[in-house]
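Everything below concerns the one structure shown next.
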Amino acid sequence: MPTREFSPASILRVALPSPLRRLFDYLPTRQAPACGWQPGLRVHVPFGHREVVGVVVELSEHSELPRHKLRAVSKALDDAPLPADWLWLCRFTARYYQHSLGDTLHNALPARLRQGHPMAGRTHTLWRRHPEAPEAPDFGRAKRQAELWALLGQHPHGLATRAITAHGLTHDVLNRLLHKQLIERREVEIAAEPTGGSLLATPALPLNREQAEALAALHEKLTHFHPCLLEGVTGSGKTEVYLQLIEAVVAKGQQALVLVPEIGLTPQTLARFRQRFNAPVLALHSGLTDAERLDVWEAAASGRARVIIGTRSAVFIPLARPGAIIVDEEHDGSYKQQDGLRYHARDLAIARAHYHGIPVVLGSATPSLESLHQALNGHYRHLRLTQRASRHPPAKLELLDLRHRRRQGGLLPDALTAVKATLEAGKQVLVFINRRGFAPTLACHACGWMAECGQCDARMTLHRAPPLLACHHCDSRRALPDACPECHSGDLRALGSGTERSEETLQTLFPDTRIHRIDRDSTRRKDSFEQALKEIQRGGPCLLVGTQMLAKGHHLPHVTLVVVVNADGGLYAADFRALEHNAQLLEQVAGRAGRAADPGRVLVQTLHPDDPQLGQLAEHGYAALARDLLEERRIARLPPFGFMALLRVESPRVDAATALAQSAASALREWLTQTATPAQCLGPVPAPMERRQNRYHLHLMLSADKRSRLHAAASFLAQWLEASPDARRVRWSLDIDPQTL
Ligand code: ADP
Ligand code: ZN
Ligand code: ZN
1 MPTREFSPAS
11 ILRVALPSPL
21 RRLFDYLPTR
31 QAPACGWQPG
41 LRVHVPFGHR
51 EVVGVVVELS
61 EHSELPRHKL
71 RAVSKALDDA
81 PLPADWLWLC
91 RFTARYYQHS
101 LGDTLHNALP
111 ARLRQGHPMA
121 GRTHTLWRRH
131 PEAPEAPDFG
141 RAKRQAELWA
151 LLGQHPHGLA
161 TRAITAHGLT
171 HDVLNRLLHK
181 QLIERREVEI
191 AAEPTGGSLL
201 ATPALPLNRE
211 QAEALAALHE
221 KLTHFHPCLL
231 EGVTGSGKTE
241 VYLQLIEAVV
251 AKGQQALVLV
261 PEIGLTPQTL
271 ARFRQRFNAP
281 VLALHSGLTD
291 AERLDVWEAA
301 ASGRARVIIG
311 TRSAVFIPLA
321 RPGAIIVDEE
331 HDGSYKQQDG
341 LRYHARDLAI
351 ARAHYHGIPV
361 VLGSATPSLE
371 SLHQALNGHY
381 RHLRLTQRAS
391 RHPPAKLELL
401 DLRHRRRQGG
411 LLPDALTAVK
421 ATLEAGKQVL
431 VFINRRGFAP
441 TLACHACGWM
451 AECGQCDARM
461 TLHRAPPLLA
471 CHHCDSRRAL
481 PDACPECHSG
491 DLRALGSGTE
501 RSEETLQTLF
511 PDTRIHRIDR
521 DSTRRKDSFE
531 QALKEIQRGG
541 PCLLVGTQML
551 AKGHHLPHVT
561 LVVVVNADGG
571 LYAADFRALE
581 HNAQLLEQVA
591 GRAGRAADPG
601 RVLVQTLHPD
611 DPQLGQLAEH
621 GYAALARDLL
631 EERRIARLPP
641 FGFMALLRVE
651 SPRVDAATAL
661 AQSAASALRE
671 WLTQTATPAQ
681 CLGPVPAPME
691 RRQNRYHLHL
701 MLSADKRSRL
711 HAAASFLAQW
721 LEASPDARRV
731 RWSLDIDPQT
741 L
């Protein structure tokens, strides 16, 4: 970015951490930072009675406010702007998601930089002895200074600050020697080249034909925007294709960004990437401290990190030399942020790749209908892997009829027979239940009372260890009642099965078998999940009872039988995406069976064995069902054939929420008519769970055939709400491309 001439009349337009969709004008300080005033500089500014960190976004000659009303920034925090690619992405995100730019920047900055800590930038500081310093200066009793002097004597080319502080020497000691002109500092560009030697630490696998074709297609266009859908059944070797693409990128001196779902960033995943390359592979996830996060950010911004693997928010990492972006399990729901800045990391990854002019690979065994649509219509290159490395085709789903049949621990007799046979053959079984806890609810057998949450329109889940009722929507807890609160009968019974109950029942049926229960409750302790996985991967017969946590991504080579306790989650649901998500989940669970030497079996229990879509999934797999679902969406003009935005309004007072949603709806309808914008406004209607945590939720749905029209209408709505005095008393949010209702 060119340095602009600093003119005393300039106004700095600053983005501040505020929900307001506007910039704030400030006067520059008398002393400009070394780089001059430019967009991307962090500044401290007075805001109300506080000092806050903001980012200069524009320079302007004019302000709407008279000059004497403007305050000056307190100081510039850096002498170089934040990375330009990062600033571009934030501006794009704010515009696309109709979010305040200040809040977007705030979200996308590492906490340390948000708090005003200094930034290291693209250079780092090296310290060395001053060439004109005496050979042996006298340090008297200053032992630390003598130590530093000796240390620098061993490194004539200079030593980085970090290496010096690692020896226990402080900035203070450095400054003293600097002041005495015994040492000097130099700012050097952080090296872009690999640290020497060969790039590969372990050799790449020889690819099968499909993998080789996919990789060749990627190699063709390494210097262009090239969006690709890599549709490959579980275990078909997508990761090996990513690794070899990354190899090409890193060999050119560039960086690769790999996005993985929240559940997918395990030490195993990371180890697989680190084992391959003799180059820095850095991970970015929620478990890092603020200091570690800043380190990764700076390493990526400087080019030092060559491969960055991270979850959703890693899409915002600045890259000095971007070469490729990979989004693994691109259909995964965790890529969508569900509160605050509601962005979709996959969609931003594509926008970013377009900006940089680089390839972006979306990989999945069960692609989202959005991505599949783009691949089928030719906007994305469609690469397919149909063969598993283990050569067993993915198992077909066998549907088992749940109607009017007794179950034990949630399992039908046929399923139990299969479990027994599998364990006797020395193999492992995965029982998938989409419900943690002991039972979905507690009911009175005398009067039909059921334990409901006092704050939500939802039942409370019964837990056994420790015994209590918990609401999984608001986290409120209650002690178990001794008797029915309605009729005082003591005949209270657990209704249905969760993971705890299945585990308990299965343990009585198979007393000598090791059972691992894997859900959010059993894995609260930090590495308990990793420990369990290690034991499971060693082999030996055992039963795994788990939720989604087990269903995705993990390589479970000894599992040959998968039992899905209830497949009906997405059937007949209100949300039009529920079927897609349910089918993805079932296919992913099924994909856990038979990943290694032995073929697998997948038993799916259902109350709707005749459902045509479940039948399609069982018979022909996700790829076939997805194409049917796309056809349904096309006819209904639903995404990806139409575009949607959702206004959510919530308040403890139902009348306040309703009033605001209604007036927003009429303002929007009027605007649509006046501007003759072909977009539709539906509602307001109560949200599927109207009362949650004692707050009432309403939805107003906006839809249009063209994205530009949707955005025009959404932008009007956001501005109207921001200006409406009623909207200040009610919480509202606008969700562009909502993923769940
Ligand atoms: P996916 O990412 O598609 O689920 P992976 O890349 O994890 O699949 O591959 C599944 C298994 O197959 C892994 O154990 C991997 O090492 C192995 N594999 C992948 N590609 C090959 C290949 N070309 N030759 C031999 N084994 C392979
Ligand atoms: Zn009762
Ligand atoms: Zn609740």
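Per full-length UniProt numbering, the very first residue in the sequence shown carries number 1; after that it's consecutive. Here a beta-carbon is modelled for each residue, glycine too, at the ideal position from N, C-alpha and C.
7 Å Cβ shell around residue i - same chain, five flanking residues per side excluded
i, result
"G410", "I433, S497, S502 and V565"
"S724", "none"
"L607", "L402, R403 and D568"
"L630", "L369, L372 and H373"
"residue 742", "Residue 742 lies beyond the range of the chain shown here (1 to 741); nothing can be said about it."
"residue 828", "Outside the displayed range of the chain (1 to 741) lies residue 828, so it cannot be described from this structure."
"W88", "Y355"
"A714", "Q98, A645, L702, L734 and I736"
"P440", "R459, T461, L495, G496 and G498"
"Q408", "L416, T505 and L509"
"A665", "C681, G683, P684 and L700"
"Q211", "G237, E240, V241 and L385"
Integer Cβ distance of residue i from residue j, believed to fall under 8 Å
i, j, result
"L77", "V43", "6 Å"
"H157", "R128", "7 Å"
"L561", "A593", "6 Å"
"residue 744", "A458", "This structure cannot settle anything about residue 744, because the visible part of the chain is limited to 1 through 741."
"L741", "W732", "L741 to W732, Cβ: 16 Å. No contact."
"G40", "A84", "7 Å"
"A351", "F716", "At roughly 23 Å, the Cβ-Cβ gap does not stay under 8 Å, so A351 and F716 are not in contact."
"A624", "R729", "Not a contact, Cβ separation roughly 50 Å."
"E247", "A204", "7 Å"
"residue 742", "L245", "Residue 742 is absent from the structure shown; the chain starts at 1 and stops at 741."
Cβ-based neighbour list, residue i, same chain, cut-off 6 Å, excluding 5 preceding and 5 following
i, result
"R384", "E231"
"F6", "A caution first: F6 carries a pLDDT of 45, below 50, which makes its placement in the model too unreliable to give a value."
"L372", "A626"
"F643", "A704, R707 and L710"
"Q584", "H331 and T366"
"H155", "none"
"G102", "A15, L16, P17 and S18"
"V604", "L397, L399, V564 and A567"
Span of the alpha helix (DSSP H), counted from its first residue to its last, around residue i
i, result
"H356", "A345 to H356"
"Y242", "K238 to A251"
"residue 747", "No answer is possible for residue 747: it lies beyond the span of the chain, which begins at 1 and ends at 741."
"A375", "L369 to L376"
"H171", "H171 to H179"
"R669", "V654 to Q674"
"R709", "R707 to A723"
"A443", "Counting along the chain, A443 falls outside any alpha helix (DSSP H), though it belongs to the beta strand (DSSP E) covering T441 to C444."
"D414", "P413 to E424"
Start and end residues, beta strand (DSSP E) containing residue i
i, result
"T104", "It is not in any beta strand (DSSP E) - T104 instead sits in the alpha helix (DSSP H) that spans L101 to A108."
"F47", "R42 to F47"
"Q680", "A679 to R692"
"E398", "L397 to D401"
"M644", "F643 to S651"
"R312", "Run containing R312: none; DSSP gives neither H nor E here."
"V730", "Per DSSP, V730 belongs to no beta strand (DSSP E) and is neither H nor E."
"C487", "Element bounds for C487: n/a, residue is neither H nor E."
"H463", "T461 to H463"
"P322", "P322 to D328"
"Q255", "Q255 to L259"
"T560", "V559 to V564"
"E58", "R50 to S60"
Cβ shell of residue i (< 8 Å), same chain only, five flanking positions each side left out
i, result
"Q255", "V249, A300, G303, A305, R306, V307, I308, L319, A320, R321, P322 and G323"
"R381", "A217, H226, P227, C228, L229 and A375"
"L159", "L126, W127, R128, L151 and L152"
Short CB-CB distance (under 9 Å) between residue i and chain D
i, result
"V45", "No chain D is part of this structure, which consists of one protein chain only."
Report task. Report all residues for which the CB-ligand distance to some heavy atom of ligand 3 is below 7 Å; order them along the chain. Result -> These are the residues, in chain order, with a beta carbon less than 7 Å from any non-hydrogen atom of ligand 3: C453, Q455, C456, A458, C471, H473, C474, S476, R692 and Q693.
**Report entry** Pocket of ligand 2 defined by Cβ to heavy atom distance under 6 Å
**Finding:** Any residue whose Cβ sits closer than 6 Å to a heavy atom of ligand 2 makes the list: C444, A446, C447, W449, C484, E486, C487 and S489.
Query raised in the report: Does the pairing of the segment 533-545 with the segment 423-441 give three or more beta-carbon distances under 8 Å?
Result: Flag = yes, the segment 533-545 and the segment 423-441 touch.
Requested in this report: Evaluate the contact criterion for the segment 64-75 versus the segment 7-26: three or more CB pairs, one atom per stretch, below 8 Å.
Outcome: A contact exists between the segment 64-75 and the segment 7-26.
Requested in this report: Taking 8 Å as the threshold, find out whether the segment 353-369 comes into contact with the segment 262-271 through three or more Cβ pairs.
Outcome: No, the segment 353-369 is not in contact with the segment 262-271.
Query raised in the report: Are the segment 413-422 and the segment 645-653 touching by the rule of at least three beta carbon pairs closer than 8 Å?
Result: Note that the segment 413-422 does not touch the segment 645-653; fewer than 3 beta-carbon pairs, one per stretch, sit closer than 8 Å.
Query raised in the report: Are the segment 134-149 and the segment 172-179 touching, with three or more C-beta to C-beta distances below 8 Å?
Result: The segment 134-149 makes contact with the segment 172-179, as at least three CB pairs between them are under 8 Å.
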